[in-house]
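Colleague: One structure coming up, written as structure tokens, with questions to follow.
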Amino acid sequence: ALLKCLFASIGDPYAYYRTQEEFAEFVNTLAGGEEFVGVGVMMNQETLEIIMVYPGSGAEEAGILARDVIYSVNGKSLTDVSKDEMLALLAGEAGTTVNITVKRGEELIDFTVTRKVLVQRSVYHEITEDGVGIIQITQFLDDTSAQFVEAVDYCIENGAVALVIDVRYNP
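Okay, so the sequence shown: first residue is 173 according to my numbering, each after it adds one.
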């Protein structure tokens with residue numbers, strides 16, 4: 173607890189202490205292709221803005237959009253909670269629901285989101301109507317390079333005339 177407080181007090185959002193168990197869990201998440209349970213959003217943990225809604229997730233099904241800002245979870249405001257507390261509020265077992273209020277523009281909108289089992293991916297791709305292949309790398313995992321090659325191959329095979337590689341918000 174002392175080390176957690178020490179690291180939290182220096183004001184660097186990238187400095188923190190992990191116990192041996194927490195570190196093992198973190199290393200496990202880097203493997204990629206792993207299943208996890210969640211609402212299915214990637215967000216900026218400082219501003220609470222949703223950067224990406226994962227395809228097939230409960231958040232997508234509920235209607236949550238990228239650029240929404242999470243305002244509260246189950247009625248609890250997130251303005252004064254730690255990153256760990258926020259993640260704990262969103263966490264739960266597959267099939268359970270969580271109430272999320274987001275701010276979209278000036279409007280507060282309530283959603284009931286079902287937590288689902290999702291497969292962790294780090295590369296997403298699409299081809300726009302004008303033939304531009306967009307490849308987004310959301311994080312670097314063990315299998316990111318293989319996913320990237322698949323995405324490039326898909327874009328080329330499907331007639332992409334240009335590629336945009338998007339690494340914004342990649343931690």
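The beta-carbon is built from N, C-alpha and C at its ideal position, and this holds for glycine as well.
Please read these numbers as outputs of a predicted model, since none were measured by experiment.
By Cβ distance, which residues of its chain are closer than 6 Å to GLU207, with the 5 residues on each side in sequence left out?
Modeller: Only VAL289, VAL291 meet the Cβ criterion.
Colleague: Could you check the C-alpha separation between VAL333 and ASP325 for me, to the nearest Å?
Modeller: Each residue's alpha carbon lies about 13 Å from the other.
Colleague: Output the residue ranges of the beta strand (DSSP E) runs that lie fully inside the segment 233–281 and measure 3 residues or longer, sorted by chain position.
Modeller: The segment 233–281 contains these whole beta strand (DSSP E) runs: 241–245, 269–276.
Colleague: From GLY183 to ILE337, what distance separates their C-alpha atoms?
Modeller: About 32 Å.
Colleague: Could you name the residues that DSSP lists as bridge partners for ALA334?
Modeller: According to DSSP, ALA334 bridges with VAL304.
Colleague: Looking at the structure shown, is PHE320 part of a helix, part of a strand, or coil, going by DSSP?
Modeller: Of the three classes helix, strand and coil, the one that applies to PHE320 here is helix, per DSSP.
Colleague: Go ahead and label GLY235 buried or exposed: buried means 16 or more other beta carbons lie within 10 angstroms of its beta carbon, across all protein chains shown.
Modeller: Looking at its Cβ environment, which holds fewer than 16 other Cβ atoms inside 10 Å, GLY235 is exposed.
Colleague: Would you kindly report the start and end of the unbroken beta strand (DSSP E) that includes LEU220?
Modeller: No beta strand (DSSP E) contains LEU220, which DSSP labels as neither H nor E.
Colleague: Does DSSP put PHE312 in a helix, in a strand, or in coil?
Modeller: Three-state DSSP puts PHE312 in coil, outside helix and strand.
Colleague: How about the segment 243–256 and the segment 265–279: do they share at least three Cβ pairs that are nearer than 8 Å?
Modeller: With the cut-off at 8 Å, the segment 243–256 and the segment 265–279 touch.
Colleague: With a threshold of 16 other CB atoms inside 10 Å of the CB of ARG210, please say whether the residue is buried or exposed.
Modeller: Arg is not the amino acid found at residue 210; the sequence shown has Gly there. Classification of GLY210: buried, given that the 10 Å Cβ count is 16 or more.
Colleague: Whole angstroms are fine: how far does the CA of LEU250 sit from the CA of ILE242?
Modeller: Cα to Cα, ILE242 sits roughly 8 Å from LEU250.
Colleague: If you draw a straight line from the C-alpha of VAL321 to the C-alpha of ASP315, how long is it?
Modeller: VAL321 and ASP315: Cα-Cα distance of roughly 10 Å.
Colleague: Would you mind working out which of LEU259, LEU261, PHE283, LYS255 sits nearest GLY230, comparing C-alpha positions?
Modeller: Nearest of LEU259, LEU261, PHE283, LYS255 to GLY230, Cα basis: PHE283.
Colleague: Which partner residues does LEU290 have in the DSSP bridge list?
Modeller: DSSP lists PHE208 as partners of LEU290.
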